[in-house]
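A.B. asks:
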Amino acid sequence: MPVTAFEARTRQFDRAPIGARGYYEPAVDAFLERVAATLDGDDDLSVSDVHNVAFAKAPLSKRGYDPTAVDAFLRDVEGTLAGLSQAASYYIAPALEHTHTRKPPWRRR
């Protein structure tokens, strides 16, 4: 399912399990803001940028975001960006004029 800029900005993730250190929340939030800007056309993240991103672990006193939830969302983002880059590479033919109008009687034959 394609990810929208709104979803990237408002996505909430579960906390990492107790005893585990998840991803550092401000780093994930900042990256998702870049994802949203890219989907809005204001930034230029590529599929490989999303695939290769690495987040720092949360501080010892914090749990951070659950890595499996964040990684699953980033896989959806990769698919969306791949679809956008592929769709942009296709040539769209201009529409023919008067394709839906009826020919005048003097032009019919």
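Using the numbering used here, you'd call the opening residue of the sequence shown number -13 and step up by one each time. From the three backbone atoms N, C-alpha and C, an ideal C-beta is built for every residue, glycine too. These numbers were taken from a predicted model, which means no experiment stands behind them.
1) In or out: glycine 5 buried (at least 16 other Cβ within 10 Å) or exposed?
2) For arginine 1, which of helix, strand or coil comes out of DSSP?
3) Determine the extent of the alpha helix (DSSP H) in which phenylalanine 41 is found, giving its start and end residues.
4) Tell me whether threonine 24 is buried or exposed, calling it buried when 16 or more other Cβ atoms sit within 10 Å of its Cβ.
5) On the CB-based measure, 16 or more other CB atoms within 10 Å of its CB, does leucine 46 come out buried or exposed?
6) Is the Cβ-Cβ distance between phenylalanine -1 and alanine 55 less than 8 angstroms?
7) Mind checking who tyrosine 9 pairs with in its DSSP beta bridge?
8) Under the three-state reduction of DSSP, which class applies to glutamate 83: helix, strand or coil?
C.D. replies: On the basis of the data shown:
1) By the neighbour-count rule (16 or more Cβ atoms within 10 Å), glycine 5 is not buried but exposed.
2) Arginine 1 falls in the strand class under three-state DSSP.
3) From DSSP, phenylalanine 41 is part of no alpha helix (DSSP H); its letter is neither H nor E.
4) buried
5) exposed
6) Result yes, Cβ atoms of phenylalanine -1 and alanine 55 sit closer than 8 angstroms.
7) DSSP lists Lys43, Tyr51 as partners of tyrosine 9.
8) Bear in mind that a pLDDT of 49 at glutamate 83, under 50, signals an unreliable position, so the number given afterwards is only what the model happens to contain. Here glutamate 83 sits in coil by DSSP.
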